[in-house]
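Visitor: The listed protein sequences derive, respectively, from chains A and B. First residue of the first sequence: 1, per this note's numbering; consecutive thereafter. First residue of the second sequence: 1001, per this note's numbering; consecutive thereafter. The structure that follows is given in the form of structure tokens.
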Amino acid sequence: MAFIPHTPADVEAMLATIGVSSIEQLFDEIPASLRVKSLDGVPVGLNEMQIGRLMSERARADGRPLCFIGAGAYEHHIPSAVWAITTRGEFYSAYTPYQAEASQGTLQLIYEYQSMIANLTGMDVSNASLYDGASAVAEASLMAVRANRKSKSLRVLIPRTVSPMYRRVAIATAGNQGLRFEDVAYSPDSGLTPVEVLKKYEGEDITALVIQQPNFFGQLEDVDALTDWAHAHGIFVIAVVNPTSLALLKPPGEWGTTGKGADIVVGDGQPLGVPLSSGGPYFGFMTTRTEYVRQMPGRIVGRTVDLNGREGFTLTLQAREQHIRRAKATSNICTNQGLLVTAATIYMSLMGPVGLERTAAASHARANDLLMALTSVKGVRRAFTGPFFHEAVVLFDRPVAPILTSLANRGILGGLDLSEAFPELGYALLVCATETKTLSDINSYVTALGEALQSAVRAA
Amino acid sequence: MSNVPPDLKYTKTHEWVRNLADGTVEIGITDHAQHALGDLVFVEVPESGRAVKVGDPTAVVESVKAASDVYSPVAGVVTQGNPGLASEPEAVNTDPYGKGWLMRLRPTNGTATAELMAAPEYLKLLQTEAG
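Here's what the structure looks like:
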């Protein structure tokens, strides 16, 4: 059976009914200059056998390198049960089903997910997830504009210690809706955003301050001082956090000394049972306080009782959403990542608070080992002082790119070259180690690095 | 038949306006409007000090399956949003012209309510819409 159900007669009848002469004419609204005339770049279809072969060849080309890159996506051990359960037929769906209430099991799972994420972040309510961490930062900024009714400026302070990828996505998503994202400089010694740098904004109308913890450099910001400063000046706090780290660090709901905590918390949920998969799909999470729930984008599952008093689950607070509020919905560019949320919920259930804490502690310990080992190599030193979680910036005495190429040839992904995003740092590399790295892995890195530096010397 | 008190002024978009003794005006939605919306579960009222123009979406009334903007029938500065609606949004359903008021404004000029309808005219509008 063809996948296109309309016969030419059907199409003609429909066009005649609405008084349009051709399908082409339906797209008149789109200027001709913006329309794609042909799809030359798209190759002809392959059959299943051919595509299977092509994909396994591509997968082989990736190899199985030792990965020391973090920068927003982290390799953690995923218990086999996570995806064995996630891919069961009962769960296997991309997102919230239509006629959602007919799928009580799916709704209950999302409800449990929301409870866990709200707990982990120390906030009142969670939505059913967003696309990824970057889009969650954009959505949080738009939400802050709606929720912070004291501020009219649409100005969002986004320190340079926040992921540059997140900043780019936030600007791309919300920049054309009038939001202005303004950089805040970091201390070259600590790699942190000092409160003193923010003083110049005092007395100005600022809508929100984004605080990433651990920050993009892996360093631990003084979140209490930053939160207190923001709240003292009527500025919303958008916390961007790594969920694994929350097993050890203070949850954003408790940031600051006034007991108020962050106003909106977002992050990428990938560390919770989602494989790296060359960059996605991942999922974003978002939590807030009850008073702002009507400004939150995304789906929300609630627990209720039916006519007979039996427990049930339902999509709730839907008047925020596009199928009801149309153009004035809290967001028209979001959905939840149902399958990945399923995996994350099962991951969190299997790990439990203790398991997550051990994972976080082991990741920190391995990152410490990695830093000690790398900085023992001549010409390699740490860029910043102060505590970090499971990644950090190291500086080299020569350009990083050739070193990374040389390491890659030895089966090691050595980290993220920061020279493009942070040229002022010099030859800087962001490295990460999680619980998946053994001391022998770290030794392999150091050995390969020594060889890479040697061969570079010889080449020079 | 909808309750349309004779002492108020009305808009085509089903808001009502009451002139208060202190020169401010009180604004709400009509009995007809609350009935059409169904049981309200949440009302967002404006913060005081906000300047609004005629026709600005100024409050939001939300029922289980719909959310609608309430447009300001007068230009002015908000002096108060009804604080009671945060915990008791159903007051808009049960007492739309009393406890269910949405906001109070100080009009920017004295003739701000001149273009509004009187009760008989609004009743006629409801009959036309129903017809």
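C-beta: ideal position from N, C-alpha, C; glycine also. The structure presented is a predicted model; accordingly, all values stated were derived computationally and were not measured.
To the nearest whole angstrom, what separates the beta carbons of Val1061(B) and Val1070(B), a pair I think is in contact under 8 Å?
Guide: 6 Å
Visitor: Which runs of the beta strand (DSSP E) spanning at least 3 residues fall entirely within the region 126 to 182 of chain A, listed in chain order?
Guide: 155 to 159
Visitor: For Ile324(A), return the contacting residues in chain B, with the cut-off set at a CB-CB distance below 8 Å.
Guide: Lys1065, Ala1066, Ala1067
Visitor: Take Arg533(A) as the anchor and find which of Phe68(A), Thr342(A), Tyr347(A), Pro297(A) has the nearest alpha-carbon.
Guide: Given a span of 1 to 460 for chain A in the structure shown, any question on residue 533(A) remains unanswerable.
Visitor: How should Asp40(A) be labelled, buried or exposed, when 16 other C-beta atoms within 10 angstroms of its C-beta is the threshold for buried?
Guide: exposed
Visitor: For Arg149(A), decide whether its Cβ has a neighbour in chain B, counting only Cβ atoms nearer than 7 Å.
Guide: Put simply, the CB of Arg149(A) is near chain B, with a gap under 7 Å to one of its CB atoms.
Visitor: Considering only the alpha carbon of each residue, which of Ile442(A), Pro402(A), Tyr427(A), His390(A) lies closest to Phe396(A)?
Guide: Tyr427(A)
Visitor: Select from the region 277 to 296 of chain A all residues with a C-beta closer than 8 Å to any C-beta belonging to chain B, and list them in chain order.
Guide: Arg294
Visitor: For the region 355 to 362 of chain A against the region 247 to 267 of chain A, do three or more pairs of beta-carbon atoms, one drawn from each stretch, fall closer than 8 Å, so that the two count as touching?
Guide: yes
Visitor: Excluding the 5 residues flanking Ser187(A) on each side, which residues of the same chain have their C-beta closer than 6 Å to its C-beta?
Guide: Pro194
Visitor: Assign Phe27(A) to buried or exposed, taking buried as 16 or more other Cβ atoms, counted over all protein chains shown, within 10 Å of its Cβ.
Guide: exposed
Visitor: Using a 10 Å radius around the Cβ and a threshold of 16 neighbouring Cβ atoms, would you call Ser490(A) buried or exposed?
Guide: No answer is possible for residue 490(A): it lies beyond the span of chain A, which begins at 1 and ends at 460.
Visitor: Quick one: does Thr1129(B) have its CB under 7 Å from some CB of chain A?
Guide: Note that residue 1129(B) corresponds to Glu in the displayed sequence, not to Thr. No, Glu1129(B) does not count as interfacial toward chain A.
Visitor: Find the nearest neighbour of Gly122(A) within the set Gly302(A), Arg289(A), Gln219(A), Arg299(A), judged by alpha-carbon distance.
Guide: Nearest C-alpha to Gly122(A): Arg289(A).
Visitor: Return the CA-CA distance between Tyr201(A) and Ala174(A), expressed in angstroms with no decimal places.
Guide: 21 Å
Visitor: Return the CA-CA distance between Thr405(A) and Leu374(A), expressed in angstroms with no decimal places.
Guide: 17 Å
Visitor: Opposite Leu1040(B) in the DSSP bridges: which residues?
Guide: Residue pairing by DSSP places Leu1040(B) opposite Ser1063(B) in a beta bridge.
Visitor: Looking only at C-alpha atoms, which of Arg155(A), Arg410(A), Tyr292(A), Leu429(A) sits nearest to Ala383(A)?
Guide: Leu429(A)
Visitor: What does Glu1062(B) reach in chain A if we use C-beta pairs closer than 7 Å?
Guide: Ala319
Visitor: By how many angstroms is the C-alpha of Arg1106(B) removed from the C-alpha of Ala1021(B)?
Guide: 12 Å
Visitor: Enumerated in chain order, which unbroken segments of the beta strand (DSSP E) with a length of 3 residues or greater are wholly contained in the region 374 to 459 of chain A?
Guide: 391 to 395, 428 to 432
Visitor: Using only CA atoms, which one of Gln114(A), Ala344(A), Gly63(A) lies nearest to Gly411(A)?
Guide: Gly63(A)
Visitor: For Arg1018(B), report the span of its beta strand (DSSP E) as first-last.
Guide: 1015 to 1019
Visitor: Give the secondary structure of Gln337(A) by DSSP, where H, G and I count as helix, E and B as strand, and everything else as coil.
Guide: coil
Visitor: Could you name the residues of the region 1041 to 1058 of chain B whose beta carbon sits closer than 9 Å to any beta carbon of chain A, in the order they occur along the chain?
Guide: Of all residues in the region 1041 to 1058 of chain B, Val1041, Phe1042, Glu1044, Pro1046, Glu1047, Arg1050, Pro1057 have a Cβ within less than 9 Å of some Cβ in chain A.
Visitor: Report the start-end ranges of each beta strand (DSSP E) in the region 1067 to 1108 of chain B that is 3 residues or longer and not cut off at the edges.
Guide: 1067 to 1071, 1076 to 1081, 1103 to 1107
Visitor: Roughly how many angstroms separate the alpha carbons of Gly414(A) and Lys199(A), rounded to a whole number?
Guide: Per the coordinates, the alpha-carbon of Gly414(A) lies some 38 Å from the alpha-carbon of Lys199(A).
Visitor: Should Val301(A) be flagged as near chain B, meaning a C-beta pair shorter than 7 Å?
Guide: No, its Cβ sits nowhere closer than 7 Å to a Cβ of chain B.
Visitor: Alpha carbons only, please: which of Thr1094(B), Val1025(B), Val1045(B), Ala1051(B) is nearest the one belonging to Asp1039(B)?
Guide: The residue among Thr1094(B), Val1025(B), Val1045(B), Ala1051(B) with its C-alpha nearest the C-alpha of Asp1039(B) is Thr1094(B).
Visitor: What do you get for Met1(A), buried or exposed, if any count of 16 or more other CB atoms within 10 angstroms of its CB means buried?
Guide: Interpretation of Met1(A) is limited by its pLDDT of 49, a score under 50 that renders its predicted location unreliable; no figure is taken from the coordinates.
Visitor: So, at 6 Å on beta carbons, what are the nonlocal neighbours of Ala329(A) in its own chain, with the 5 sequence-adjacent residues on each side left out?
Guide: Glu321, Gln322
Visitor: Does the beta-carbon distance from Phe236(A) to Ala208(A) come in below 7 Å?
Guide: yes
Visitor: Got a sec? Which residues, its chain only, sit under 7 Å from Met165(A) by beta carbon, not counting five neighbours each side?
Guide: Gly72, Ala134
Visitor: Give the straight-line distance between the Cα atoms of Val169(A) and Gly280(A), rounded to the nearest whole angstrom.
Guide: 15 Å
Visitor: For Asn215(A), which residues from the same chain have a beta carbon less than 6 Å from its beta carbon, with the 5 sequence-adjacent residues on both sides left out?
Guide: Thr161, Glu221
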